[in-house]
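For reference, the structure is listed below as structure tokens.
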Amino acid sequence: MLKLGLIGDIKQLEPYAKKLEKQKDIHIAGKSSAGTNTDIGNFHFSIPEFNRIELIERADALLINRFSLLPFDLLSTIVKKRKHIFAAEYPGLPVEKCRQIANLATEAQTVIQIINPFYYLPAVQWLNHNLKKPAFIDISYFNNEPEISQPLIALLLMLKDITGTLPKKIGAVSFHSAENKTEFKNVRLEFGDASAVNLNFGSANAASEFKLKAWTAGQVVSFDFKTRHYACNNSSIDTSPFKNISETGNFSQGISNTSRNLTGIEDYLSVLQAVEKINLKLDQFSISQTR
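If you want it as structure tokens, here you go:
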């Protein structure tokens with residue numbers, strides 16, 4: 001029986017924890033909460049509360065969404081002790097510290113799975129299995145609600161099995177309008193197999209948008225994730241074979257070595273390295289606009 005500990009905002013962790021709790025080999029051993037909740041009848045109050053150190057000692061695996069609660073030395077100790085981690089938010093580590101954690105995880109054989117919400121969408125799984133290479137991919141993501149706190153990281157992780165996470169060439173521009181409270185960012189990525197990705201994202205006064213188009217030899221793909229319209233060569237795509245993929249289920253399978261860890265700390269590290277370079281480009285462009 002795998003003993004699971006929850007660290008962070010338990011209300012936000014609840015959907016993940018309930019999915020994991022349904023698996024007969026997992027028991028939620030306790031929580032270390034951030035924030036308060038006054039609804040005594042809810043999930044939050046059905047789990048015993050421990051201080052973080054005690055919970056870490058009791059648990060075999062941890063579900064975390066507030067990495068700010070864990071000093072780097074403590075996080076390192078967790079990994080060294082082979083306490084597996086499901087990161088329900090991005091850890092927020094700088095590249096070098098993330099690399100250290102990745103190395104420790106490899107040495108200790110600790111599973112660290114990073115949340116990758118777009119990757120598990122059925123249509124994206126279809127792309128992973130069917131899109132030919134090389135490909136040109138154009139993505140537009142504009143959301144007026146901050147459901148994804150770091151869309152660039154989320155989009156790059158989504159593409160990890162399609163293009164990889166280490167582009168050979170990067171271009172980026174950014175435009176801001178304080179008057180209209182809008183922001184537009186464009187990132188252009190070129191990969192070693194001649195694939196290219198064009199990312200448009202930010203915030204806008206218009207309706208939210210999440211669309212993907214791709215062109216390859218013999219394929220024209222058009223996805224609208226908001227309307228759930230998915231097509232290839234003007235024919236609708238059947239995404240039903242991919243509906244049962246579970247992010248949390250994959251985590252527990254990864255711990256028991258029955259499934260590969262689909263989005264691990266190494267994937268996240270690669271994306272952080274790309275994001276660091278992209279942000280340098282965006283910062284340079286912003287400086288040039290102010291002159």
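Read in order, the letters of the sequence shown correspond to residues 1 to 291 in this note's numbering. Ideal Cβ positions, reconstructed from N, Cα and C, are used throughout, including at glycine. Values in this document were obtained by computation on a predicted structure and should not be read as measured data.
- Query: Do you know offhand how far K81's Cα is from P48's?
  - Reply: 23 Å
- Own chain partners of L13 with C-beta closer than 7 Å, once the 5 adjacent residues on each side are dropped: L6, L63, N65 and A88
- Note down the Cα distance separating G202 from Q284, rounded to an integer number of angstroms. 18 Å
- Does the separation of the CB atoms of N198 and D138 fall below 9 Å? yes
- Item | Neighbourhood of P122 by C-beta distance below 6 Å, restricted to the same chain and skipping five residues each side | T239, F242 and K243
- Message: Using DSSP's beta-bridge definition, name the partner residues of R188.
- Response: G171 and N198
- Item | Burial state of T248 (16 or more Cβ within 10 Å) | buried
- Quick one, are the C-beta atoms of L269 and C98 less than 9 Å apart? yes
- Query: So which of K281, T165 and Q100 has the shortest CA-CA distance to D73?
  - Reply: Q100
- Whole-angstrom Cβ separation of I170 and V271, contact assumed at under 8 Å? Wrong, their Cβ atoms sit about 13 Å apart, outside the cutoff.
- Secondary structure of K31, DSSP reduced to three states: strand
- Query: With a CB to CB cut of under 7 Å and the five nearest residues on each side skipped, what residues in its chain are close to I40?
  - Reply: Here the model assigns I40 a pLDDT of 44, short of 50, so the residue's position is not dependable and the matter cannot be decided.
- Burial state of T106 (16 or more Cβ within 10 Å): exposed
- Contact set for E266: own chain, Cβ-Cβ below 7 Å, skip 5 residues either direction: A102
- Cross-strand partners of D138 (DSSP beta bridge): N198 and K213
- Residue from K213, G218, F175 and T163 with nearest C-alpha to L189: T163
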